[in-house]
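Colleague:
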Amino acid sequence: MFIKEITIDGFKSYAQRQVVAGFDPQFNAI
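Take the position in the sequence shown, starting the count at 1, then add 91; the result is the number in the working numbering.
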């Protein structure tokens with residue numbers, strides 16, 4: 092299992108929806 096994308100909407104300094112994508116399936120760190 093790996094992260095494909097993260098959607099941030101209304102969190103702290105992200106007033107508008109932001110989508111972060113393009114994570115490498117071989118490496119994910121949280």
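Idealized CB from N, CA, C, for every residue including glycine.
Between the alpha carbons of T98 and A112, how many angstroms are there, rounded?
Modeller: Residue 98 sits at position 7 when you count from the first residue of the sequence shown. Residue 112 sits at position 21 when you count from the first residue of the sequence shown. When rounded, the distance between both Cα atoms is 9 Å.
Colleague: Determine the contact status of K95 and F118, defining contact as a CB-CB distance below 8 Å.
Modeller: Sequence index remark: in the sequence shown, residue 95 carries index 4 (1-based). Sequence index remark: in the sequence shown, residue 118 carries index 27 (1-based). Result no, Cβ atoms of K95 and F118 do not sit closer than 8 Å.
Colleague: Given a cut-off of 8 Å, decide if F93 and P116 are closer than it, judged by their beta-carbon atoms.
Modeller: Indexing the sequence shown from 1 puts residue 116 at position 25. Indexing the sequence shown from 1 puts residue 93 at position 2. Cβ distance < 8 Å, so P116 and F93 count as in contact.
Colleague: Determine which residues share a DSSP beta bridge with A112 and list them.
Modeller: The sequence position of residue 112 within the sequence shown is 21, counting from 1. Per DSSP, E96.
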